[in-house]
Amino acid sequence: IIYEIRRSLMIAEALEARGYGAIRKVDSPYKLVMRRKDYMVLILSTIMTMLILVSKIVGALPPWIYLKLPEPL
1104 IIYEIRRSLM
1114 IAEALEARGY
1124 GAIRKVDSPY
1134 KLVMRRKDYM
1144 VLILSTIMTM
1154 LILVSKIVGA
1164 LPPWIYLKLP
1174 EPL
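Numbering of the sequence shown is given in our numbering, commencing with residue 1104 and proceeding in unit increments.
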């Protein structure tokens, strides 16, 4: 019984040291804001993804790009 009490106290101290049971909510030091560059990267990434998908569907990509799985034995 004494071992279990000591162990529970050690666990309680470890949890307290890690911040469990803290009342204050930790927030980011600054607020993230989307800027023009972020929107441009998002739009360009979407356009490139759509172009690749359409090219794959239409068959406009070179054959070496297509993934080929080996035939099962």
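In this text, a Cβ means the ideal position worked out from N, Cα and C, and glycines have one as well.
- Here the C-alpha atom of I1105 lies approximately 15 Å from the C-alpha atom of A1115.
- K1140 and S1148 have their alpha carbons spaced roughly 12 Å apart.
- In the displayed model, R1138 falls within coil according to three-state DSSP, outside both helix and strand.
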